[in-house]
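Q:
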Amino acid sequence: MHLTRRKFFGLTGAATAVAATGLVLPEIAHADTKALNPVWIESPNFTAGRGGAAVDKIVIHHMAGTRAATDSWFQQTEAQVSAHYGIGEGQLSQYVAEENTAWHAGDSAANRSSIGIEHSADIGRPPDDYTYNTSIELCTDLCRRYGIDPNTGILPHKQFSSTDCPGEINLQRIIDGVNAAL
Ligand SMILES: [Zn+2]
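With mature numbering (1 follows the signal peptide of the UniProt record, and there is no 0) applied, the sequence shown covers -31 to -1, 1 to 151.
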């Protein structure tokens, strides 16, 4: 994700405002990874369909913040970013249906051909065991459904654009976990 700290601090107020209105989030309607029962938190930031591309990869991101902040930010139209899934603090969220193109890789061809997964982590704060284990379960499910080879198809954001993302995430831990589960 590409968020400045200013934007993240701004989120706190936005999240509070949403909570204060009593807005109830719709549940699960588009949950694609059914076994993991994600919480559906719809983002307006996506392109319908895949532009004819097949999904052949998973792009791994860190949030540089919390899952709750990401849940809130991806609901804002002005963010102009999204991902399919976000994992952290004991919850798996889904923001964009897998049949649609999420805006996460900074590369339109990569966006059309990938599932984007955000992980709660920051500089000096690697993902916790829940986040790693849920990511492994989710990536295993995705690799099965799309026929993705985890050794070549689970890739860091920085492979597609100039960014440090996914920071301190141990990509090999996820790949090894998926290989063990497949
Ligand atoms: Zn990223």
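Ideal placement from N, C-alpha and C gives every residue a C-beta, glycine not left out.
In the DSSP assignment, the alpha helix (DSSP H) including L111 goes from what residue to what residue?
A: Here the alpha helix (DSSP H) through L111 covers 98 to 115.
Q: With contact counted as at least three CB pairs below 8 Å, one residue from each stretch, are the region 77 to 96 and the region 128 to 145 in contact?
A: Yes, since at least three Cβ pairs between the region 77 to 96 and the region 128 to 145 fall closer than 8 Å, the two stretches touch.
Q: Is any non-hydrogen atom of ligand 1 found closer than 7 Å to the C-beta of H30, if you look at the structure I gave you?
A: It does: the Cβ of H30 is within 7 Å (strictly closer) of some heavy atom of ligand 1.
Q: With DSSP as the reference, identify every bridge partner of A90, one or two as the case may be.
A: Partner(s): G34.
Q: Note down the Cα distance separating D98 from S104, rounded to an integer number of angstroms.
A: Rounded to the nearest angstrom, the two C-alpha atoms are 10 Å apart.
Q: How is the beta strand (DSSP E) around G57 delimited, first residue to last?
A: 54 to 57 is the span of the beta strand (DSSP E), which, as asked, contains G57.
Q: I need the DSSP call for V24, collapsed to helix, strand or coil.
A: Residue state, collapsed to three classes: coil.
Q: Ligand 2 heavy atoms versus the CB of H126: any closer than 7 Å?
A: Ligands in the displayed structure: ligand 1; ligand 2 is not one of them.
Q: Under a three-way DSSP split, which group does I138 fall into?
A: In the structure shown, I138 sits in coil (DSSP, three-state: anything other than H, G, I, E or B).
Q: Going by DSSP, what residue range makes up the beta strand (DSSP E) through S77?
A: Not the beta strand (DSSP E): S77 falls in the alpha helix (DSSP H), residues 77 to 81.
Q: Roughly how many angstroms separate the alpha carbons of V8 and T100, rounded to a whole number?
A: Cα-Cα distance, rounded: 15 Å.
Q: If we ignore side chains and look at the alpha-carbon of each, how far apart do L5 and T35 end up?
A: Near 20 Å, if we compare the C-alpha coordinates of T35 and L5.
Q: Would you kindly check if the distance between the Cβ of A71 and the Cβ of F15 is under 8 Å?
A: In contact: F15 and A71 (Cβ atoms closer than 8 Å).
Q: Put S62 into one of helix, strand or coil per three-state DSSP.
A: If DSSP states are grouped into helix, strand and coil, S62 belongs with the strands.
Q: Use the C-beta contact count for T2: other C-beta atoms within 10 angstroms, 16 or more gives buried, fewer gives exposed.
A: By the neighbour-count rule (16 or more Cβ atoms within 10 Å), T2 is buried.
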